[in-house]
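Inspection log for the structure reproduced underneath, given as structure tokens.
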Amino acid sequence: MQILKVAADLFYEKGYGGVAVDEIGSTAGLTGPAIYRHFKGKGEILAALFDQAIDGILSATGNISSDPFQDLEHRVRAHARFVLNEHKLASVWIREGRSLSDEHRKRLRRREISYMNQWIDCISRCYPDMDAKQAEVAALTALGALNSVSNWPKAPLSLTNIEDEISEFVLKGLRRP
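Quick note on the numbering used here: the sequence shown kicks off at 334 and runs consecutively.
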């Protein structure tokens, strides 16, 4: 939907607080209150962007392998690729959680926890000697590194090279000595 693309671009450039609904509407080519036919307000637009990001990352990291190490590599690479290819949407998702209403935050947080639990489970399958807390710390560290790519300045490397580099870095960091 054009409204969501425009909103993601504007929230990325100006932050959620720096954007008005009218600006989203006019940039999307809508007049006056027309945006309210699609969304109740700016908070609902932000929640829709979060849903879009979570749906995208879940879709990208799906297709679980029976080999836990292949599964982990797939998750790392797919997450990196999503953040690189959808860097504006990913950046809004990563930065603007504090701007969600309590209702949306609770609902979306449940989805994010479910995603995190998939990572914890995958890491636990790779390294069964890790206790639950260690697997959680490993998952948080890996996702933090992967998510940080959304805010990197433009680099001389191609997206594929960045994906390869960050993925290899994260995978090496997760390996047990």
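A virtual CB, placed ideally from N, CA and C, is assigned to each residue, including glycine.
* So, are the CB atoms of Ser483 and Val409 less than 9 Å apart? -> By 1-based counting over the sequence shown, the position of residue 483 is 150. By 1-based counting over the sequence shown, the position of residue 409 is 76. Cβ atoms of Ser483 and Val409: not closer than 9 Å.
- Query: Taking the continuous alpha helix (DSSP H) assigned at Lys439, which residues delimit it?
  - Reply: Sequence index remark: in the sequence shown, residue 439 carries index 106 (1-based). Run containing Lys439: 435-459, per the alpha helix (DSSP H) assignment.
- Indicate whether Met463 and Ser457 have their beta-carbon atoms separated by less than 9 Å. Mapped onto the sequence shown, residue 463 falls at position 130. Mapped onto the sequence shown, residue 457 falls at position 124. Yes. Within cutoff.
Residue range of the unbroken alpha helix (DSSP H) whose run includes Phe383
Mapped onto the sequence shown, residue 383 falls at position 50. Looking at the DSSP string, the run of the alpha helix (DSSP H) that includes Phe383 is 375-393.
Note to self: Can you give me the C-alpha to C-alpha distance between Asp547 and Leu473, rounded to a whole angstrom?
What the structure shows: The structure shown has nothing for residue 547, since the chain only spans 334 to 510.
- Message: So, for Leu422: in the same chain, excluding its five sequence neighbours on each side, which residues have a beta-carbon less than 6 Å away from its beta-carbon?
- Response: Residue mapping note: residue 422 aligns to position 89 of the sequence shown, counting from 1. The answer, listed in chain order, is Ala341, Ala386.
| task | Measure the beta-carbon distance from Trp426 to Phe383 and round it to whole angstroms, keeping in mind my assumption that it falls under 8 Å. | result | Start at 1 with the first residue of the sequence shown, and residue 426 comes out as number 93. Start at 1 with the first residue of the sequence shown, and residue 383 comes out as number 50. Indeed they touch by this definition, with Cβ atoms about 6 Å apart.
For this session: May I have the straight-line CA-CA distance separating Asp355 from Pro366, to the nearest angstrom?
Result: To locate residue 355, count along the sequence shown from 1; it is residue 22. To locate residue 366, count along the sequence shown from 1; it is residue 33. Their backbone Cα atoms lie some 8 Å apart in a straight line.
Quick one: residues in its chain with C-beta nearer than 7 Å to the C-beta of Val503, no 5 flanking neighbours on either side, listed in chain order?
In the sequence shown, counting from the first residue as 1, residue 503 sits at position 170. Here the set comprises Val409, Ala475, Ala478, Leu479.
Could you give the distance in angstroms between the alpha-carbon of Gly376 and the alpha-carbon of Asp388?
Within the sequence shown, numbered from 1, the residue matching residue 376 stands at position 43. Within the sequence shown, numbered from 1, the residue matching residue 388 stands at position 55. Computed Cα separation, rounded: 18 Å.
Fill in: Member of Lys505, Ile357, Glu429 whose CA lies at the smallest distance from the CA of Ile336
Start at 1 with the first residue of the sequence shown, and residue 336 comes out as number 3. Ranking the options by Cα distance to Ile336, first place goes to Ile357.
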